[in-house]
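Residue numbers (my numbering), protein chains in the order written: chain A, 5 to 750; chain B, 5 to 750.
2 protein chains.
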Amino acid sequence: MDFLEEPIPGVGTYDDFNTIDWVREKSRDRDRHREITNKSKESTWALIHSVSDAFSGWLLMLLIGLLAGSLAGLIDISAHWMTDLKEGICTGGFWFNHEHCCWNSDHVTFEDRDKCPEWNSWSQLIISTDEGAFAYIVNYFMYVLWALLFAFLAVSLVKVFAPYACGSGIPEIKTILSGFIIRGYLGKWTLVIKTITLVLAVSSGLSLGKEGPLVHVACCCGNILCHCFNKYRKNEAKRREVLSAAAAAGVSVAFGAPIGGVLFSLEEVSYYFPLKTLWRSFFAALVAAFTLRSINPFGNSRLVLFYVEFHTPWHLFELVPFILLGIFGGLWGALFIRTNIAWCRKRKTTQLGKYPVIEVLVVTAITAILAFPNEYTRMSTSELISELFNDCGLLDSSKLCDYENRFNTSKGGELPDRPAGVGVYSAMWQLALTLILKIVITIFTFGMKIPSGLFIPSMAVGAIAGRLLGVGMEQLAYYHHDWTIFNSWCSQGADCITPGLYAMVGAAACLGGVTRMTVSLVVIMFELTGGLEYIVPLMAAAMTSKWVADALGREGIYDAHIRLNGYPFLEAKEEFAHKTLAMDVMKPRRNDPLLTVLTQDSMTVEDVETIISETTYSGFPVVVSRESQRLVGFVLRRDLIISIENARKKQDGVVSTSIIYFTEHSPPMPPYTPPTLKLRNILDLSPFTVTDLTPMEIVVDIFRKLGLRQCLVTHNGRLLGIITKKDVLKHIAQMANQDPDSILFN
Amino acid sequence: MDFLEEPIPGVGTYDDFNTIDWVREKSRDRDRHREITNKSKESTWALIHSVSDAFSGWLLMLLIGLLAGSLAGLIDISAHWMTDLKEGICTGGFWFNHEHCCWNSDHVTFEDRDKCPEWNSWSQLIISTDEGAFAYIVNYFMYVLWALLFAFLAVSLVKVFAPYACGSGIPEIKTILSGFIIRGYLGKWTLVIKTITLVLAVSSGLSLGKEGPLVHVACCCGNILCHCFNKYRKNEAKRREVLSAAAAAGVSVAFGAPIGGVLFSLEEVSYYFPLKTLWRSFFAALVAAFTLRSINPFGNSRLVLFYVEFHTPWHLFELVPFILLGIFGGLWGALFIRTNIAWCRKRKTTQLGKYPVIEVLVVTAITAILAFPNEYTRMSTSELISELFNDCGLLDSSKLCDYENRFNTSKGGELPDRPAGVGVYSAMWQLALTLILKIVITIFTFGMKIPSGLFIPSMAVGAIAGRLLGVGMEQLAYYHHDWTIFNSWCSQGADCITPGLYAMVGAAACLGGVTRMTVSLVVIMFELTGGLEYIVPLMAAAMTSKWVADALGREGIYDAHIRLNGYPFLEAKEEFAHKTLAMDVMKPRRNDPLLTVLTQDSMTVEDVETIISETTYSGFPVVVSRESQRLVGFVLRRDLIISIENARKKQDGVVSTSIIYFTEHSPPMPPYTPPTLKLRNILDLSPFTVTDLTPMEIVVDIFRKLGLRQCLVTHNGRLLGIITKKDVLKHIAQMANQDPDSILFN
């Protein structure tokens, strides 16, 4: 199926934990494409092959969308069932969750739709009652027990089968998309284990979400499906295009926001994102969203639990509390990143990191013990967010909607602002406690050796803060509607303030503070509310939050984790602002020995092998002669080793004294010398060069935009040195007063 | 206010119709930024300056949004009024349009809401009756007369005051954003004249829209407002970031689609679009949309006339007609582009182009004469689209909704499929005629010397075709609901088919065929309908349409016009697929005289002046010596001329025999020689170089991604030649079997 001949197997591939060369990969794909196009004129079969090759991208997107959507549906349904399992079981069929169990019941009124005889709490099953302190203790005990069981299973599975399945995966995916190779990170084992352990981790009640890991799951699907198509299997650059689209599909199903997903992929995770990929990502995101919707995991024909529609407009004055929420979000984001990174660093450097299972069990136990007594921590975080976003209707039985005179409304359906009842006050207290718990426990949860996403906990923190502020504003407006700030727009008995909107704005602010997303955040939230109306509050909060958080620390949580792990990731958003030159960064430094070079036609196999064994560089420049130092090309260490080995094995007579030449024609040789070895085919004849006086800001730009691995430095036409991506990253770290040795890989 | 010293005025600026050097512009901005940041630590004033500098971008976006939104509102209101003026006038106040006039009337029932005594048609005013053949002729005559008057005014104003105000402006804006300089194209005169003539052109009833020109208007606003901020006034690259955002704001108000606008700017018009700009564009687009909404030009609290909400779901089988519409859209797009370009080429090359006023008047007269008798061509195209998109409700009085048993409905509000009545049949005929007229006349209209957009006519063509097919399908489903394809989902008396949705899908298909937009098109349409539900039909149609149209011709209408005009635009979407090398493209060619170079320290002022006067190159490489040909740097012709002139004027003793040197230190000179001239400050010490064996696909990529103007070619460290952007464009044209001399500018 592949028309390209690969003369020596292995040439042109990469080692694990190395950076790919985008230019070379793209060239190879263009060669492939050219080949197919040329052949397509020859025969019908080749024409069909050419057409199928052109459409394979779309087919792949369709498959990714279907698979990602199905997996998301599966995860949603299982997590829902297992979360309910902590509280009880359905006797009508153990596979029903609480809600489904009671749907099938006839014994249920609308008021008591959560209580039906088929659903048995653990105390009912064990001691046949649901009343009294002992029953409470039984339920409490079972809740903690299940949580510990789920967490233990999750961490053990991750530890034994797929260590890469832990965390949210987004920092690693960003790094991979920028051109790094981590074998197995997107493999089938990671997919299987991550899917299973994600359900377990979410069900264990830990303060984590499934949204980030869903991106990882979708990327695994993308990567695995790539293996079915030659075009994508063999080309690292093309495969990364697919992964970008898969990431979009992942967010699309996580939030039910296809457009937001594409923008997230564009803004947050992708590195090389051509417009063709944008269109395909959109397709994949849409297919995934529709697959998930036809599975309908929440029974509300929405893709997420916390979809909401508001009906009351907001007033310009309300921008003040919204901006306050933005400030809160920014502060929380900055605080979270600092403390979480500090804790993760501690985990990396101390004994703590050696006992992941115990760590997870301890955190789960603490979370579960503290969570059970408070109904807002006991429920799953998505449900909590859904309840906080919700605008109180007439029939809402939630405590948050327990206002006085709640059934006494003049206008049909719409509820005016009313004084808060007992339920609201008690809910406020419980929410405040929930807020503190979530803030503290999330810091310790994110980064443990289980799949854990940050979106949901961040949103929960923001939503609680927002709802608290919203209810506060509502009561203020009710009792003091004669104040100047209210009386122009809020008459008594009108529905002025929507606390649910405050919760949503708060959620956006906190999410923005942690991740530093901008457009994609607003669009995701817009797709959750379905009204252009509310973009302005969301945007105001997101902007404030980003500014505040940026003032306290430039990096988002993903970039911080990338740096913590020392991945070679060249941030595309940050401008390099220092006035250094290429000569300050290149190797060799001023007092170092000269640059190791090969000459084009005068070195023997032995010379080259000595250089290879004495150095660890991943490539060598080839020059005309050592004296002139005029650059001919660049050859990669890996290709060189493979070619020489291959030649020694196959080519007749190549011995240690054979001359290696990179020129078009063999150099003139005295008679009776051993046969020469031509290696021009592995020589990169168009290496990138810059002059020694090129400002580093331009060099960084070139590395970023062209996806280079290395770049040679010349002065007045003579080769002077070399700059690798790692050098660039180290230099950036140094300039930012960070430890340059934190960059670990090539 | 500016901390940077510019030693010689004029150095670093560009001539008209030249390409900017993105790398240099961005470096200059970074220098500026660094300067401000460094100073900000010194004094409070400088700190305030630094903060205000950082926020000036946001302020600028706010102003652009406000101005673009207001202008759009003004244009909408005036065009509405003047369109109605062709039919009559309001005696209650001549400044009311038909609708407003009758709002204020008491004499009007809901059924006759278009007829009120205050509104007088021209026949009523002139011969005091609205009945009979003579009155019809009077109205006909007045209609044509007003149309001709408006068109004459429009074309005269454009011709006399601002020739750049014609056309849609999008091809030129694309070119400008890619780094080309066209002075005055975004100036204040263009803004004023384009705004006025746009209203006139739309009101004249020609087959054109205001959406494309609105983008131009918004970009003019952006460019003019840039002059208030040093940061943007002096830097061509930064200014282009602002223009990208302004284009987003333009589309945002044109379609009421802020997200779609940003994606349009990203996908269609922008060249260099960093993520920071994405966020700001979004802000500008949102401000513009909200400004327009607070003006509320259509009185429906929507931003566009043809906003619509559908309520009936679509069935999977309907994808077949949707894909048919996609095919139609693709065919129409390809046909339109070919014929329109052929006609525009004829206009450029023959006598026709010399009589723009007559051309406009003739086309207007034909349009008006053919349009008046048919009510669907007489109404404004936006209104037509709005009516076609509309799903027939119970109270619709439109002929398109004249079904049998229309008031006989079982379910409340929702109308089941019914047999078409007389009105529908006659409407079908009239729509078919309208379709033909629009198809033909648009080809001749787009490209005339008046502001003219393509979005609306394309959408109209598609909407008509879609509605025709939709009604056809509806009748088919009604009369043959027992067919296999229908009976599974369409029972008798159900509302199976929504003809309005077909119209919308058709509109998307045709717009996609003409412009080849993808994601932005779907998102714009999504924002027009406000339901995720209908993205799939839109996407299916848009994809089919793009594939069909691409198969018949790769270019969209804007790219075709760019090529027609010979602008130096390097398409970012198209991959360069040929296997040529840099040495095949560089100048000098194999048999040409050697490359003109300067030496770094041995040429006199006279030598250099001779070279300048004998050649027309816009820059010269500087080498160590003619013999070694080792590259030192690159100097621009314009900078060289300005510097030498300046030196001759000011520097003591610089005469024709003075030595010019580009090195750090003056070369050793014999005594009694005239003073030397140091020009190192204008030398670009980091020119981009590639080797002669670099594949052109990589060279094209470098030009595109880094925004280069020229690139030097070396072989084994020696300078061999130069490739300019024009060379690249010519080569691409040549490889695509086009005339390489069609590229006109530098």
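Where a beta carbon is used, it is the ideal one built from N, C-alpha and C, also for glycine.
Query - Neighbourhood of Asn143/A by C-beta, 6 Å cutoff - its chain only, sequence neighbours within 5 removed - result: Ser125, Trp126 and Ser127
Query raised in the report: Is DSSP giving Asp35/A helix, strand or coil here?
Result: helix
Requested in this report: Report, in whole angstroms, the separation of the C-beta atoms of Ile445/A and Ser208/A, which I expect to be a contact under 8 Å.
Outcome: Contact doesn't hold; Cβ gap of about 12 Å is too wide.
Query raised in the report: Going by C-alpha distance, which of Lys198/A, Arg382/A and Trp433/A is nearest Leu404/A?
Result: Trp433/A
Query raised in the report: Given that Thr698/A touches chain B, what residues does it touch there, using C-beta distances under 7 Å?
Result: Ser690
Requested in this report: Within 10 angstroms of the Cβ of Gln714/A, are there 16 or more other Cβ atoms? Answer buried if so, exposed if not.
Outcome: buried
Query raised in the report: Can you find a C-beta in chain A that's less than 7 Å from the C-beta of Gly721/B?
Result: yes
**Report entry** Chain-order list of residues whose beta-carbon lies under 8 Å from that of Leu152/A (same chain, five-residue window excluded)
**Finding:** Ser208, Leu365, Thr368, Ala369 and Ala372
Query raised in the report: What's the gap between the Cα of Leu515/B and the Cα of Leu640/B?
Result: 43 Å
Report task. Name the residue from Thr680/A, Leu505/A, Asp705/A and Ile528/A whose alpha carbon lies nearest to the alpha carbon of Ala467/A. Result -> Leu505/A
Query raised in the report: Any chance the region 559-578 of chain B sits against the region 673-691 of chain B, with 3 or more Cβ pairs inside 8 Å?
Result: no
Query raised in the report: If you draw a straight line from the C-alpha of Met452/A to the C-alpha of Leu309/A, how long is it?
Result: 26 Å
**Report entry** Residue-level contact to chain A via CB, Leu8/B, 7 Å cutoff
**Finding:** Only weak support exists for where Leu8/B lies, its pLDDT of 36 falling under 50; the value from the coordinates is given anyway. Not closer than 7 Å to any Cβ of chain A, the Cβ of Leu8/B fails to qualify, so no.
Query raised in the report: Quick one: does Thr584/A have its CB under 7 Å from some CB of chain B?
Result: no
Query raised in the report: Around the C-beta of Val732/A, are 16 or more other C-beta atoms found within 10 angstroms, so that it is buried, or is it exposed?
Result: buried
**Report entry** Option nearest Pro377/B by Cα separation, candidates Gly427/B, Leu388/B and Thr438/B
**Finding:** Thr438/B
Query - Residues in the region 489-509 of chain B having any Cβ partner in chain A nearer than 9 Å - result: none
Query - Cut-off 6 Å between Cβ atoms - residues of its own chain near Ala166/A, not counting five sequence neighbours on either side - result: Trp193, Thr194 and Ile197
**Report entry** Whole-Å CB distance - Lys163/B paired with Val361/B, under 8 Å assumed
**Finding:** 7 Å
Query - Against chain B: residues of the region 27-46 of chain A by CB proximity under 9 Å - result: Val27, Lys30, Ser31, Arg34, Asp35, His37, Arg38 and Thr41
Report task. Just confirm the distance between the C-beta atoms of Phe332/B and Ile447/B, as a whole number of angstroms; I'd bet it's less than 8 Å. Result -> At roughly 16 Å, the Cβ-Cβ gap does not stay under 8 Å, so Phe332/B and Ile447/B are not in contact.
Query raised in the report: What residues of chain B sit near Lys577/A, judged by a beta carbon separation below 9 Å?
Result: Pro278, Leu279 and Lys280
Query - chain A contact residues for Thr693/B, given Cβ-Cβ distances below 7 Å - result: Thr693
Report task. Please list the partners that Ile702/B has in chain A, where partner means a Cβ-to-Cβ separation under 8 Å. Result -> Val27, Ser31 and Ser690
Query raised in the report: Can you find a CB in chain A that lies within less than 7 Å of the CB of Thr522/B?
Result: yes
**Report entry** Cutoff 7 Å; reference Thr23/A; Cβ partners in own chain excluding five residues on either side
**Finding:** Gly183, Phe184, Pro572, Arg713, Lys729 and Asn750
Query raised in the report: Is there a Cβ from chain B that is less than 7 Å from the Cβ of Lys453/A?
Result: no
**Report entry** Trp487/A versus Gly77/B - alpha carbon distance
**Finding:** 35 Å
Query raised in the report: Leaving out five residues before and five after Thr608/B in sequence, what residues of the same chain have Cβ atoms less than 8 Å from its Cβ?
Result: Ser660, Thr661, Ser662, Ile663 and Ile664
Report task. Please list the segments of the alpha helix (DSSP H) lying wholly inside the region 236-301 of chain B, counting only runs of 4 or more residues, in order along the chain. Result -> 240-259, 262-268 and 279-299
**Report entry** Endpoints, the beta strand (DSSP E) within which Ser125/B is located
**Finding:** Trp123 to Ser125
**Report entry** For Leu307/B and Thr295/B, the rounded distance between their alpha carbons
**Finding:** 10 Å
Report task. Check whether the Cβ atoms of Glu271/B and Gly457/B lie closer than 7 Å to each other. Result -> no
Report task. Compile a chain-ordered list of the residues in the region 542-560 of chain A whose CB is closer than 7 Å to at least one CB of chain B. Result -> Met543
Requested in this report: Kindly say whether Ser414/A, judged by its beta-carbon, lies nearer than 7 Å to any beta-carbon of chain B.
Outcome: Because the pLDDT at Ser414/A is just 49, under 50, the model does not fix this residue reliably, and the value given afterwards should be weighed accordingly. Not an interface residue.
Query raised in the report: Taking Met547/A as the reference, which of His231/B, Lys280/B, Tyr168/B and Leu435/B has the closest Cα?
Result: Lys280/B
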